[in-house]
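Numbering (my numbering), first residue to last: 40 to 113. C-beta atoms are modelled at their ideal positions from N, C-alpha and C, and glycine is treated no differently. Remember, predicted model here, so these are calculated numbers, not experimental data.
Take a look at the structure:
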């Protein structure tokens, strides 16, 4: 079975860091290695809205991410 191209690229980038296994280093080293690792790029976001949805036990804060400014989004 072949890996997804994005997963394969992420694994190659992690291997290129040449970092020790998590069990071999300190917590500080693991954190530093995590911070240095490339992060996946998320989807483009055109708009972010903070809303409130009424719930049976009170209002629930929600955040809506929209990829487009179009009015008729699903």
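Open item on the list: For the alpha helix (DSSP H) containing residue 110, name the first residue and the last one.
Closed with: Here residue 110 refers to the residue found at position 71 of the chain shown. Run containing residue 110: none; DSSP gives neither H nor E here.
Open item on the list: If I follow the unbroken alpha helix (DSSP H) through residue 61, where does it start and stop?
Closed with: By 1-based counting over the chain shown, the position of residue 61 is 22. Segment: none, residue 61 is in no alpha helix (DSSP H) and carries neither H nor E.
Open item on the list: What would DSSP say about residue 70, mapped onto helix, strand or coil?
Closed with: Residue numbering aside, residue 70 sits at position 31 when the chain shown is read from its first letter. It is helical.
- [ ] Whole angstroms is fine: what's the gap from residue 42's alpha carbon to residue 74's?
- [x] Position 3 of the chain shown, counted from the first residue, corresponds to residue 42. Position 35 of the chain shown, counted from the first residue, corresponds to residue 74. Approximately 24 Å, taken between the alpha carbons.
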